[in-house]
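Working notes, structure below.
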Amino acid sequence: MTSPSADKPKTLEAMKHFAEQYAKRTNTYFCSDLSVTAVVIEGLARHKEDLGSPLCPCRHYEDKEAEVKNTFWNCPCVPMRERKECHCMLFLTPDNDFAGAEQSISMELLEEVKASLSA
Ligand code: SF4
23 MTSPSADKPK
33 TLEAMKHFAE
43 QYAKRTNTYF
53 CSDLSVTAVV
63 IEGLARHKED
73 LGSPLCPCRH
83 YEDKEAEVKN
93 TFWNCPCVPM
103 RERKECHCML
113 FLTPDNDFAG
123 AEQSISMELL
133 EEVKASLSA
């Protein structure tokens, strides 16, 4: 069984907060197309809800529970922590062609994307 949906906005908000703080701390920026950012944050929140950890949402896993235990792809993943490599384009270094100027995103956009993904 999944968690009650009443918890989900809080998880989404927590992942938004995490992404904003982590971008500031690492001097990275969100994508110039913030809908990309919103899809990734929504995916992280969904994994947090379903698995208890924000497993990277941009990869295919044979066994998600095992991957969570392995911790390598729990966000921020090892490539991001070691080399600032985020293949989801959530955290982009300023020299990246897709980097925008934002380190924050509105709850409205996140809710919008979430609604469109669950439609
Ligand atoms: S690639 Fe790494 S830092 Fe980027 S969203 Fe996935 S887990 Fe997070």
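In this note's numbering, the protein residues as written are 23 to 141. Where a beta carbon is used, it is the ideal one built from N, C-alpha and C, also for glycine.
Just to confirm, is the Cβ distance from residue 66 to residue 37 under 8 Å? yes
In terms of residue numbering, what span does the alpha helix (DSSP H) encompassing residue 132 cover? 129-140
Are three or more beta carbon pairs between the segment 31-46 and the segment 122-141 nearer than 8 Å? yes
If I'm right that residue 33 touches residue 71 with Cβ under 8 Å, what's the distance once you round it to whole angstroms? 5 Å
May I ask you to check if the CB of residue 102 is nearer than 7 Å to at least one heavy atom of the ligand SF4? At least one heavy atom of the ligand SF4 is nearer than 7 Å to the Cβ of residue 102, so yes.
Would the beta-carbon of residue 73 be found less than 7 Å away from any heavy atom of the ligand SF4? no
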